[in-house]
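Residue numbers (the working numbering), protein chains in the order written: chain A, 21 to 301; chain B, 2 to 288. Ideal Cβ placement from N, Cα and C applies to all residues, glycine included. Single-structure report; data block below.
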């Protein structure tokens, strides 16, 4: 009970402190980092306090401290699952799918007929529950990472395609006319004007695709996998009621997802440093 | 309607490729059967047999259409084999979850727009929460809630809600901030308080953003529900249909369930679009 009281007091104090900080220092860089960090710590403290205070069974919701302990204890196991699911399945599928989407976008960009036909179909498919195709692909490509990569390819293809096609249209007539007065060929215009102009759109799609890639790789393992991998571990650990291990896998997934997203955001800043949304800060 | 020709061409091309792939992928089984019987396979026989298998590697489009038709019209809708029955189970959980998620996203967005402390502390975490492959924990949520005695519709709805709240939150924060400084100043010269500014300026100007994000959200809610139906134990819903099909190698059943889910997704998005048109026209904002 003491822990619960402490957690509640901490929560109250932290939120008051946060709103004071937000009111006075909202334009300072350190405050923009510190306020959300304190909010995150508050959530963890509250979680720990609630679990300890109400004596919630670890089978239902383990405390953060128990999860950290299990995480530290089974790093080798977690690393094996990470390599199987993220490095092999998700990353291979992500590279293949995004590469195919970019090439397809450049090809259909030359044909208005294909664009008018493919884009509505692409938009339609992008809204579909593509995850559902996982059992079929597991049947076709076997249990190992190849089938997971295939699911990821299908999941990331359409969002990236739709964004890339929009990006290739992003140049205005004035800029294209300028290229024409330079008597630039199609290739010159593509490489010097339209591909750079498409980059902000492309990165938008690439960032969306990072999460989709992880989801595809993990969910595909529910339909059959070798005896390693994050999806496999989650579904078997749930069966054994080993919740701290499940939460450790989720922590790995969260870290991998944030890291993947962060890497793409960093790359975006390097490539599209000229774009207003990057200069504004 | 200018796009109809190209779309039909693309769809026809997909069908042709599909038939070709069906022949190629199912051929091995036909050849194996023929080799066992010691017979030769002619081309016409190959074509006929690759498209009429019980458990093909890739069912031909007309087999899927037949499976879909039998699932929808060939059964009583209360039957366990009826796709209408399973579709309804999925649809009800999707709608419940979508309502929860959209309401949560809306309330959070209102809070974020009006409180700078909430903006600074919640928004980064809301974005971070989406880099987590949340579908991966769907089975755990289902099992844990089942052990608490909560079964049926609610656990699936929670996962659907979690997936649909984020697009609504982001869209509404953008939409509620859409009025420009001139308009806000005008409200100030009218001596309008915060509530009046919200109801008369911010909310109306956020409507286009709201509907754009509702469309994304409802598609996400359907995906969430289907994945939530996957873990062992679920016997109802399109997701369970997919899983049992994959266990027993009933490929036609998988494809039929997949197309039922696709139709459902398209129907939901179209329905939101129809509501959008009506609402925007009533508000005098029809495009």
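If you look at residue 93 of chain A, you'll find it in the alpha helix (DSSP H) that goes 84-93. The residues 176, 180, 226, 229, in chain order, have a CB closer than 7 Å to that of residue 118 of chain A in the same chain once the five nearest residues on each side in sequence are set aside. Secondary structure of residue 41 of chain B (DSSP, three-state): coil. Apart from sequence neighbours up to five positions away, the residues of its chain that approach residue 106 of chain B with a beta-carbon distance below 6 Å are 166, 169, 170, ordered along the chain.
Among the CB atoms of chain B, one or more fall inside 8 Å of the CB of residue 140 of chain A. The beta carbon of residue 224 of chain A sits closer than 7 Å to the beta carbons of 183 from its chain, once the five residues preceding and following it are set aside; these are given in chain order. The beta-carbon separation of residue 98 of chain B and residue 225 of chain B, rounded to 7 Å, stays under the 8 Å limit for a contact.
Taken through DSSP and simplified to helix, strand or coil, residue 295 of chain A comes out as coil. At a cut-off of 8 Å, the C-beta of residue 80 of chain A has a neighbouring C-beta in chain B. C-alpha of residue 123 of chain B to C-alpha of residue 122 of chain A: approximately 34 Å in a straight line. Here residue 93 of chain A is exposed, its C-beta having fewer than 16 other C-beta atoms within 10 Å. If you look at residue 226 of chain B, you'll find it in the alpha helix (DSSP H) that goes 204-229.
Around the beta carbon of residue 256 of chain B, 16 or more other beta carbons lie within 10 angstroms, which makes this residue buried.
Chain B has no Cβ within less than 8 Å of the Cβ of residue 175 of chain A.
Excluding its 5 nearest sequence neighbours in each direction, residue 251 of chain B has C-beta neighbours in its own chain below 7 Å: 56, listed in chain order.
Residues 58, 62 of the same chain have their beta carbon placed closer than 6 Å to that of residue 34 of chain A, with the five preceding and five following residues left out of the count. Not flagged as an interface residue toward chain A: residue 111 of chain B, since no C-beta distance is shorter than 8 Å. Of all residues in the region 258-270 of chain B, only 258, 259, 262, 263, 266, 267, 270 place a beta-carbon less than 8 Å from a beta-carbon of chain A. Residue 260 of chain A is classed as exposed because its beta carbon has fewer than 16 other beta carbons within 10 Å across all chains shown. Note on the region 106-138 of chain B: whole alpha helix (DSSP H) runs with a minimum of 4 residues are 117-131, in chain order. Neighbourhood of residue 246 of chain B in chain A, by CB distance below 8 Å: 155, in chain order. The shortest C-alpha to C-alpha distance from residue 114 of chain B to any of B:195, B:229, B:220 is the one to B:195. Here the alpha carbon of residue 75 of chain B sits roughly 9 Å from the alpha carbon of residue 69 of chain B. For residue 201 of chain A, the three-state secondary structure derived from DSSP is helix.
Taking a 10 Å sphere around the C-beta of residue 279 of chain B, we find fewer than 16 other C-beta atoms and assign the residue as exposed. In its chain, beyond the 5 residues on either side, 83 have a beta carbon closer than 8 Å to the beta carbon of residue 77 of chain B. In the three-state reduction of the DSSP assignment, residue 248 of chain B falls in the helix class, which pools H, G and I. Counting along the chain, the unbroken alpha helix (DSSP H) around residue 142 of chain A starts and ends at 132-146. Contacts with chain B at 8 Å (Cβ-Cβ) include residue 148 of chain A. Residues of chain B whose Cβ lies closer than 7 Å to the Cβ of residue 42 of chain A are, in chain order, 117, 118, 121. At least 8 Å separates the CB of residue 168 of chain B from every CB of chain A.
Contact between the region 105-115 of chain A and the region 244-259 of chain A is present, with at least three C-beta pairs closer than 8 Å.
Below 8 Å, enough C-beta pairs join the region 177-191 of chain B and the region 205-213 of chain B to call them touching: three or more. Nearest to residue 261 of chain B by C-alpha distance, out of A:148, A:154, A:160, is A:148. Sequence-distant Cβ neighbours of residue 237 of chain A in its own chain, meaning closer than 6 Å and more than five residues away, are 105, 109, 110, 168, 172.
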